[in-house]
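FYI, numbering that gives the first Met the number 0 numbers position 63 of the sequence shown as 62, with every residue one higher than the one before it.
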Amino acid sequence: MNTYLRILFYIFTFVSFFTAILYFLSFLTNKNKLKAEKWKGPLPIITVIIPAYNEQSSIKKTLESILSLDYPKEKLDIIVIDDGSFDKTYLEASKFT
0 MNTYLRILFY IFTFVSFFTA ILYFLSFLTN KNKLKAEKWK GPLPIITVII
50 PAYNEQSSIK KTLESILSLD YPKEKLDIIV IDDGSFDKTY LEASKFT
């Protein structure tokens, strides 16, 4: 029985390495096609919706993170939805208006 497990282990290892090498070579040959194209034309307006419930300790960090995006501020709308929090989530979020 131990011999069968060894054979299965070697077969599985071979197939795994073969698949990994195949994916790696495929990536190397097609890496030029994977580059992102630059956006042509005007940037669209993007709306970010943030649901929040008792998020007083983290809402400030979340909003700062979204505001630090490399995107024009006039094209960025942020909506915070406070669903009846018992803490001061609304007060923390309203400081960013």
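The beta carbon of each residue, even a glycine, is placed where N, CA and C say it ideally should be.
- DSSP places T96 in no alpha helix (DSSP H); its state is neither H nor E.
- Bridge partners of I48 according to DSSP: I78.
- Restricted to the stretch 13 to 75, the beta strand (DSSP E) segments that are unbroken, complete and at least 3 residues in length are 45 to 51, listed in chain order.
- Between I80 and I65, the CB-CB gap reaches or exceeds 7 Å.
- One thing to note: T88 has its Cβ within 7 Å of the Cβ of A51.
- With respect to I45, L75 sits close: the two C-beta atoms are nearer than 7 Å.
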